[in-house]
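Numbered per my numbering, the sequence shown spans residues 51 to 350. What follows is a set of notes on a single structure, which appears directly below.
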Amino acid sequence: VTAIVAAPGFAESDVLAFAASVERGSEHPLATAIVRAATERNLPLSKVRGFDSPPGKGAIGLVDGKRVVLGNERFLAELSIATAPLAAEAERLRADGATVIFVSLNGQPAALIAVADPVKTHARDTLGELRAAGIGVIMLTGDNPVTAAAVARTLGIADVRANVLPEQKSNIVTALRDAGRVVAMAGDGINDAPALAAADVGIAMGTGTDIAMESAGITLLRGDLRGIVRARLLSAAAMRNIRQNLLFAFLYNAAGVPIAAGLLYPAFGILLSPMIAAAAMALSSVSVIGNALRLRGVRL
51 VTAIVAAPGF AESDVLAFAA SVERGSEHPL ATAIVRAATE RNLPLSKVRG FDSPPGKGAI
111 GLVDGKRVVL GNERFLAELS IATAPLAAEA ERLRADGATV IFVSLNGQPA ALIAVADPVK
171 THARDTLGEL RAAGIGVIML TGDNPVTAAA VARTLGIADV RANVLPEQKS NIVTALRDAG
231 RVVAMAGDGI NDAPALAAAD VGIAMGTGTD IAMESAGITL LRGDLRGIVR ARLLSAAAMR
291 NIRQNLLFAF LYNAAGVPIA AGLLYPAFGI LLSPMIAAAA MALSSVSVIG NALRLRGVRL
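This is the structure:
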(Lines of atoms letter the chains of each structure in order from A; the text may use other names.)
(Lines give C-alpha, C1' and ligand atoms only; values in the text may rest on other atoms or scores of the structure.)
Protein backbone atom coordinates (compact mmCIF):
# COMPACT_ATOMS: atom_id res chain seq x y z
CA VAL A 51 0.00 0.00 0.00
CA THR A 52 1.60 3.24 -1.16
CA ALA A 53 -1.12 5.75 -0.31
CA ILE A 54 -4.51 6.13 1.38
CA VAL A 55 -6.62 9.13 0.45
CA ALA A 56 -9.63 9.56 2.72
CA ALA A 57 -12.72 11.49 1.69
CA PRO A 58 -13.85 14.39 3.93
CA GLY A 59 -15.34 13.08 7.15
CA PHE A 60 -13.43 9.78 7.12
CA ALA A 61 -10.16 8.84 8.85
CA GLU A 62 -7.48 6.86 6.97
CA SER A 63 -6.92 4.39 9.81
CA ASP A 64 -10.63 3.67 10.21
CA VAL A 65 -11.15 3.06 6.50
CA LEU A 66 -8.06 0.84 6.31
CA ALA A 67 -9.29 -1.21 9.27
CA PHE A 68 -12.70 -1.73 7.66
CA ALA A 69 -11.10 -2.62 4.31
CA ALA A 70 -8.65 -5.08 5.86
CA SER A 71 -11.41 -6.72 7.87
CA VAL A 72 -13.23 -7.51 4.62
CA GLU A 73 -10.15 -8.45 2.63
CA ARG A 74 -9.07 -11.06 5.18
CA GLY A 75 -11.52 -13.37 3.43
CA SER A 76 -9.83 -12.99 0.03
CA GLU A 77 -6.68 -14.59 -1.44
CA HIS A 78 -6.16 -11.85 -4.02
CA PRO A 79 -2.66 -10.25 -3.92
CA LEU A 80 -4.21 -6.79 -3.49
CA ALA A 81 -6.21 -8.06 -0.52
CA THR A 82 -3.03 -9.45 1.01
CA ALA A 83 -1.35 -6.05 0.65
CA ILE A 84 -4.24 -4.25 2.39
CA VAL A 85 -4.31 -6.72 5.28
CA ARG A 86 -0.54 -6.44 5.65
CA ALA A 87 -0.76 -2.62 5.78
CA ALA A 88 -3.37 -2.77 8.54
CA THR A 89 -1.34 -5.32 10.48
CA GLU A 90 1.81 -3.18 10.26
CA ARG A 91 -0.14 -0.27 11.74
CA ASN A 92 -1.51 -2.50 14.52
CA LEU A 93 -5.10 -1.70 13.56
CA PRO A 94 -7.80 -3.85 15.17
CA LEU A 95 -9.68 -5.99 12.64
CA SER A 96 -13.29 -7.02 13.11
CA LYS A 97 -15.25 -10.06 12.02
CA VAL A 98 -16.86 -9.81 8.61
CA ARG A 99 -20.31 -11.15 7.76
CA GLY A 100 -21.89 -11.75 4.36
CA PHE A 101 -18.54 -11.73 2.58
CA ASP A 102 -18.61 -11.87 -1.22
CA SER A 103 -15.86 -11.38 -3.78
CA PRO A 104 -17.06 -11.19 -7.41
CA PRO A 105 -14.10 -12.22 -9.62
CA GLY A 106 -12.23 -9.27 -11.08
CA LYS A 107 -14.41 -6.68 -9.37
CA GLY A 108 -13.82 -6.37 -5.63
CA ALA A 109 -15.22 -7.47 -2.29
CA ILE A 110 -18.25 -6.80 -0.09
CA GLY A 111 -18.94 -7.48 3.56
CA LEU A 112 -20.63 -6.27 6.73
CA VAL A 113 -18.20 -5.06 9.40
CA ASP A 114 -19.45 -3.72 12.73
CA GLY A 115 -22.84 -3.05 11.16
CA LYS A 116 -21.41 -1.11 8.20
CA ARG A 117 -21.64 -2.29 4.61
CA VAL A 118 -18.11 -2.15 3.23
CA VAL A 119 -17.49 -2.27 -0.51
CA LEU A 120 -14.03 -2.37 -2.12
CA GLY A 121 -13.28 -2.48 -5.80
CA ASN A 122 -12.85 -0.59 -9.03
CA GLU A 123 -15.03 2.20 -10.39
CA ARG A 124 -17.11 -0.12 -12.54
CA PHE A 125 -17.96 -2.32 -9.59
CA LEU A 126 -19.04 0.60 -7.42
CA ALA A 127 -21.04 2.04 -10.33
CA GLU A 128 -22.90 -1.27 -10.62
CA LEU A 129 -23.88 -0.81 -6.97
CA SER A 130 -24.93 2.82 -7.59
CA ILE A 131 -22.10 4.18 -5.42
CA ALA A 132 -20.68 7.52 -6.55
CA THR A 133 -16.92 7.73 -7.16
CA ALA A 134 -16.74 11.20 -8.74
CA PRO A 135 -15.54 12.96 -5.54
CA LEU A 136 -12.36 10.87 -5.60
CA ALA A 137 -11.92 10.51 -9.37
CA ALA A 138 -9.26 13.22 -9.83
CA GLU A 139 -7.11 11.82 -7.04
CA ALA A 140 -7.52 8.33 -8.46
CA GLU A 141 -6.21 9.45 -11.86
CA ARG A 142 -3.15 11.02 -10.23
CA LEU A 143 -2.30 7.79 -8.41
CA ARG A 144 -2.85 5.70 -11.54
CA ALA A 145 -0.49 7.90 -13.54
CA ASP A 146 2.23 6.80 -11.12
CA GLY A 147 1.48 3.15 -11.91
CA ALA A 148 -0.54 2.36 -8.79
CA THR A 149 -3.64 0.18 -8.66
CA VAL A 150 -6.45 2.21 -7.10
CA ILE A 151 -9.08 0.55 -4.93
CA PHE A 152 -12.20 2.52 -4.02
CA VAL A 153 -13.61 1.96 -0.52
CA SER A 154 -17.22 2.70 0.33
CA LEU A 155 -18.90 2.65 3.74
CA ASN A 156 -22.68 2.40 3.83
CA GLY A 157 -22.93 3.55 0.22
CA GLN A 158 -20.68 6.61 0.68
CA PRO A 159 -17.27 6.94 -1.02
CA ALA A 160 -14.87 6.81 1.92
CA ALA A 161 -11.32 6.51 0.55
CA LEU A 162 -8.89 5.39 -2.09
CA ILE A 163 -6.23 2.81 -1.35
CA ALA A 164 -3.31 2.78 -3.77
CA VAL A 165 -1.36 -0.45 -4.11
CA ALA A 166 1.78 -0.72 -6.20
CA ASP A 167 4.25 -3.55 -6.71
CA PRO A 168 7.55 -1.98 -7.80
CA VAL A 169 8.64 -3.29 -11.19
CA LYS A 170 11.69 -5.48 -10.69
CA THR A 171 14.83 -4.13 -12.30
CA HIS A 172 15.36 -7.22 -14.44
CA ALA A 173 11.75 -7.51 -15.67
CA ARG A 174 12.20 -5.23 -18.69
CA ASP A 175 15.38 -7.06 -19.76
CA THR A 176 13.67 -10.43 -19.32
CA LEU A 177 10.75 -9.44 -21.55
CA GLY A 178 13.26 -8.04 -24.05
CA GLU A 179 14.96 -11.44 -24.21
CA LEU A 180 11.64 -13.10 -24.96
CA ARG A 181 10.88 -10.62 -27.74
CA ALA A 182 14.37 -11.11 -29.18
CA ALA A 183 13.59 -14.84 -29.37
CA GLY A 184 10.54 -14.05 -31.51
CA ILE A 185 7.96 -14.33 -28.74
CA GLY A 186 5.16 -11.76 -28.64
CA VAL A 187 4.35 -10.29 -25.23
CA ILE A 188 0.81 -9.20 -24.30
CA MET A 189 -0.15 -7.67 -20.96
CA LEU A 190 -3.57 -8.73 -19.66
CA THR A 191 -4.79 -6.95 -16.56
CA GLY A 192 -8.01 -6.19 -14.78
CA ASP A 193 -6.57 -2.82 -13.82
CA ASN A 194 -7.49 0.60 -15.15
CA PRO A 195 -6.04 1.57 -18.58
CA VAL A 196 -4.08 4.48 -17.08
CA THR A 197 -2.31 2.26 -14.53
CA ALA A 198 -1.79 -0.48 -17.10
CA ALA A 199 -0.26 1.96 -19.60
CA ALA A 200 2.12 3.36 -16.97
CA VAL A 201 3.41 -0.09 -16.04
CA ALA A 202 3.57 -1.18 -19.69
CA ARG A 203 5.76 1.82 -20.56
CA THR A 204 8.17 0.84 -17.83
CA LEU A 205 8.33 -2.72 -19.12
CA GLY A 206 8.42 -1.83 -22.81
CA ILE A 207 5.18 -3.67 -23.62
CA ALA A 208 3.25 -2.36 -26.62
CA ASP A 209 0.19 -4.62 -26.56
CA VAL A 210 -1.85 -3.91 -23.42
CA ARG A 211 -5.37 -5.12 -22.62
CA ALA A 212 -6.83 -3.39 -19.54
CA ASN A 213 -10.09 -3.78 -17.60
CA VAL A 214 -10.04 -7.48 -18.49
CA LEU A 215 -12.18 -9.78 -16.36
CA PRO A 216 -11.00 -13.35 -15.54
CA GLU A 217 -13.24 -15.00 -18.13
CA GLN A 218 -12.11 -12.44 -20.73
CA LYS A 219 -8.47 -13.36 -20.08
CA SER A 220 -9.35 -16.97 -20.78
CA ASN A 221 -11.24 -15.95 -23.94
CA ILE A 222 -8.24 -13.98 -25.22
CA VAL A 223 -5.94 -16.96 -24.64
CA THR A 224 -8.39 -19.27 -26.42
CA ALA A 225 -8.70 -16.84 -29.35
CA LEU A 226 -4.92 -16.73 -29.75
CA ARG A 227 -4.74 -20.52 -29.74
CA ASP A 228 -7.57 -20.72 -32.29
CA ALA A 229 -5.53 -18.38 -34.49
CA GLY A 230 -2.72 -20.93 -34.51
CA ARG A 231 -0.53 -19.39 -31.82
CA VAL A 232 1.22 -21.37 -29.10
CA VAL A 233 0.34 -19.51 -25.91
CA ALA A 234 2.11 -19.38 -22.56
CA MET A 235 0.23 -17.55 -19.80
CA ALA A 236 1.96 -16.31 -16.65
CA GLY A 237 -0.03 -15.22 -13.61
CA ASP A 238 -0.23 -15.39 -9.84
CA GLY A 239 -3.81 -14.76 -8.76
CA ILE A 240 -7.21 -16.40 -8.61
CA ASN A 241 -8.31 -14.20 -11.50
CA ASP A 242 -5.55 -15.69 -13.68
CA ALA A 243 -6.50 -19.33 -13.05
CA PRO A 244 -8.96 -19.74 -15.99
CA ALA A 245 -6.44 -18.30 -18.45
CA LEU A 246 -3.62 -20.43 -17.01
CA ALA A 247 -5.74 -23.53 -17.55
CA ALA A 248 -6.68 -22.46 -21.10
CA ALA A 249 -3.10 -21.80 -22.27
CA ASP A 250 -0.78 -24.33 -23.92
CA VAL A 251 1.60 -23.66 -21.05
CA GLY A 252 0.44 -22.17 -17.75
CA ILE A 253 3.15 -20.54 -15.65
CA ALA A 254 2.30 -19.68 -12.05
CA MET A 255 4.35 -17.69 -9.58
CA GLY A 256 5.29 -19.56 -6.43
CA THR A 257 4.47 -16.42 -4.48
CA GLY A 258 0.89 -16.44 -5.79
CA THR A 259 -2.29 -18.27 -4.84
CA ASP A 260 -2.72 -22.04 -4.57
CA ILE A 261 -5.45 -22.15 -7.22
CA ALA A 262 -3.14 -20.44 -9.73
CA MET A 263 -0.40 -22.99 -9.08
CA GLU A 264 -2.89 -25.85 -9.39
CA SER A 265 -4.09 -24.51 -12.76
CA ALA A 266 -0.57 -24.09 -14.18
CA GLY A 267 1.83 -26.63 -15.63
CA ILE A 268 4.93 -24.79 -14.41
CA THR A 269 5.48 -23.03 -11.09
CA LEU A 270 8.32 -20.54 -10.65
CA LEU A 271 9.16 -20.93 -6.97
CA ARG A 272 10.74 -17.50 -6.60
CA GLY A 273 8.08 -15.67 -8.59
CA ASP A 274 10.88 -14.34 -10.79
CA LEU A 275 10.14 -13.58 -14.47
CA ARG A 276 13.67 -14.69 -15.38
CA GLY A 277 12.41 -18.18 -14.62
CA ILE A 278 10.34 -18.01 -17.82
CA VAL A 279 13.49 -17.52 -19.90
CA ARG A 280 15.26 -20.31 -18.01
CA ALA A 281 12.31 -22.67 -18.42
CA ARG A 282 12.23 -22.00 -22.15
CA LEU A 283 15.97 -22.62 -22.53
CA LEU A 284 15.76 -25.82 -20.50
CA SER A 285 12.74 -27.01 -22.49
CA ALA A 286 14.52 -26.35 -25.79
CA ALA A 287 17.61 -28.22 -24.57
CA ALA A 288 15.45 -31.13 -23.38
CA MET A 289 13.74 -31.41 -26.78
CA ARG A 290 17.14 -31.41 -28.56
CA ASN A 291 18.31 -34.11 -26.18
CA ILE A 292 15.21 -36.21 -26.81
CA ARG A 293 15.74 -36.01 -30.59
CA GLN A 294 19.42 -36.96 -30.20
CA ASN A 295 18.49 -39.95 -28.04
CA LEU A 296 15.83 -41.12 -30.49
CA LEU A 297 18.23 -40.83 -33.43
CA PHE A 298 21.03 -42.61 -31.59
CA ALA A 299 18.73 -45.41 -30.39
CA PHE A 300 17.34 -45.89 -33.91
CA LEU A 301 20.76 -46.08 -35.58
CA TYR A 302 22.23 -48.25 -32.81
CA ASN A 303 19.41 -50.76 -32.98
CA ALA A 304 19.27 -50.66 -36.78
CA ALA A 305 22.91 -51.76 -36.83
CA GLY A 306 22.96 -54.00 -33.77
CA VAL A 307 19.78 -56.05 -34.14
CA PRO A 308 20.67 -57.59 -37.53
CA ILE A 309 24.12 -58.55 -36.23
CA ALA A 310 22.69 -60.04 -33.02
CA ALA A 311 20.10 -61.96 -35.09
CA GLY A 312 22.86 -63.51 -37.20
CA LEU A 313 21.78 -61.98 -40.50
CA LEU A 314 25.40 -61.17 -41.38
CA TYR A 315 26.79 -64.60 -40.50
CA PRO A 316 26.16 -66.31 -43.88
CA ALA A 317 27.91 -63.57 -45.84
CA PHE A 318 30.58 -62.28 -43.45
CA GLY A 319 30.81 -64.84 -40.69
CA ILE A 320 29.92 -62.18 -38.07
CA LEU A 321 28.00 -63.50 -35.08
CA LEU A 322 27.48 -62.16 -31.56
CA SER A 323 27.15 -64.41 -28.56
CA PRO A 324 24.00 -63.87 -26.46
CA MET A 325 26.06 -62.42 -23.61
CA ILE A 326 27.72 -59.82 -25.85
CA ALA A 327 24.39 -58.97 -27.45
CA ALA A 328 22.80 -58.45 -24.01
CA ALA A 329 25.74 -56.27 -22.93
CA ALA A 330 25.46 -54.23 -26.14
CA MET A 331 21.75 -53.71 -25.50
CA ALA A 332 22.45 -52.47 -21.97
CA LEU A 333 25.15 -50.18 -23.34
CA SER A 334 22.61 -48.48 -25.60
CA SER A 335 20.46 -47.60 -22.58
CA VAL A 336 23.47 -46.34 -20.64
CA SER A 337 24.45 -44.13 -23.59
CA VAL A 338 20.98 -42.59 -23.76
CA ILE A 339 20.98 -41.91 -20.00
CA GLY A 340 24.46 -40.42 -20.21
CA ASN A 341 23.38 -38.07 -22.97
CA ALA A 342 20.33 -37.02 -20.94
CA LEU A 343 22.55 -36.22 -17.96
CA ARG A 344 24.24 -33.57 -20.09
CA LEU A 345 21.17 -31.42 -19.41
CA ARG A 346 22.61 -30.76 -15.96
CA GLY A 347 25.28 -28.69 -17.67
CA VAL A 348 22.90 -26.46 -19.64
CA ARG A 349 23.60 -22.81 -18.91
CA LEU A 350 20.42 -21.05 -17.84
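Quick reminder that beta carbons are idealized off the backbone N, C-alpha and C, glycines included.
In angstroms with no decimal places, state the Cα-to-Cα distance between A317 and V232.
In the sequence shown, the residue the question calls residue 317 occupies position 267. In the sequence shown, the residue the question calls residue 232 occupies position 182. The alpha-carbon atoms of A317 and V232 are separated by roughly 53 Å.
Can you name, in chain order, every residue of its own chain whose Cβ lies under 7 Å from the Cβ of P216, other than the five neighbours on each side?
Taking the sequence shown and counting its residues from 1, one reaches residue 216 at position 166. These residues qualify, in order along the chain: P105, G106, N241 and P244.
Would you tell me roughly how many angstroms separate the C-alpha atoms of R346 and T269, rounded to the nearest one?
Here residue 346 refers to the residue found at position 296 of the sequence shown. Here residue 269 refers to the residue found at position 219 of the sequence shown. Each residue's Cα considered, the two are about 19 Å apart.
Shortest alpha-carbon distance to L296 belongs to which of S337, G186 and T224?
For the purposes of this step, residue 296 is identified with residue 246 of the sequence shown, where counting begins at 1. Cα-wise, what sits closest to L296 is S337.
Using the C-alpha atoms, what's the distance from A88 back to L155?
The residue given as residue 155 occupies position 105 in the sequence shown. The residue given as residue 88 occupies position 38 in the sequence shown. So the two alpha carbons sit approximately 17 Å from each other.
Compare the C-alpha of M325 against each of A310, S334 and G319 and name the closest.
Walking along the sequence shown from the start, residue 325 turns up at place 275. Residue A310 is the option with its Cα nearest to M325.
Euclidean distance between Cα positions of D250 and S334:
Walking along the sequence shown from the start, residue 250 turns up at place 200. Walking along the sequence shown from the start, residue 334 turns up at place 284. Roughly 34 Å between the two C-alpha positions.
CB contact flag (S22, A254, <9 Å)
Given a span of 51 to 350 for the chain in the structure shown, any question on residue 22 remains unanswerable.
P79: buried (16+ other C-beta within 10 angstroms of its C-beta) or exposed?
Taking the first residue of the sequence shown as position 1, residue 79 is located at position 29. By the 10 Å Cβ count, P79 comes out buried.
Three-state secondary structure (DSSP) at R117?
Numbered from 1 along the sequence shown, position 67 holds the residue referred to as residue 117. In this structure, R117 counts as strand in the three-state DSSP scheme.
Tell me the DSSP bridge mates of Q158?
For the purposes of this step, residue 158 is taken as residue 108 along the sequence shown, with counting starting at 1. L155, per the DSSP bridge assignment.
Is the stretch 187-202 touching the stretch 155-164 in the sense that three or more CB pairs, one from each, lie closer than 8 Å?
no
Just the Cα atoms here: how many angstroms apart are P195 and A212?
Translated into positions along the sequence shown, residue 195 becomes position 145. Translated into positions along the sequence shown, residue 212 becomes position 162. Straight-line Cα distance between these residues: approximately 5 Å.
Can you tell me whether M235 is buried or exposed, with buried defined as 16 or more other CB within 10 angstroms of its CB?
Counting from 1 along the sequence shown, the entry for residue 235 is found at position 185. Classification of M235: buried, given that the 10 Å Cβ count is 16 or more.
With the cut-off set at 9 Å, would you say D114 and F60 are in Cβ contact?
Stepping through the sequence shown from its first residue, residue 114 is reached at position 64. Stepping through the sequence shown from its first residue, residue 60 is reached at position 10. No; because the gap between Cβ atoms is not below 9 Å, this pair is not in contact.
From the DSSP output, which residues share a beta bridge with L270?
Within the sequence shown, residue 270 is the residue found at index 220, counting from 1. In the DSSP output, where bridge partners are listed per residue, L270 has M255.
Limits of the beta strand (DSSP E) - the one that R293 falls within:
In the sequence shown, residue 293 corresponds to position 243, counting from 1. First-last for R293: R276 to A311, but that is the alpha helix (DSSP H), not the beta strand (DSSP E).
So if DSSP puts A56 in a beta bridge, which residue, or which two residues, is it bridged to?
Here residue 56 refers to the residue found at position 6 when the sequence shown is read from its first residue. According to DSSP, which records beta bridges pairwise, A56 is partnered with A161.
Same chain only: Cβ atoms within 8 Å of S63, ignoring 5 sequence neighbours per side
Locating residue 63 in the sequence shown gives position 13, counting from the first residue. Excluding residues within five positions, the ones whose Cβ falls inside 8 Å are R91 and L93.
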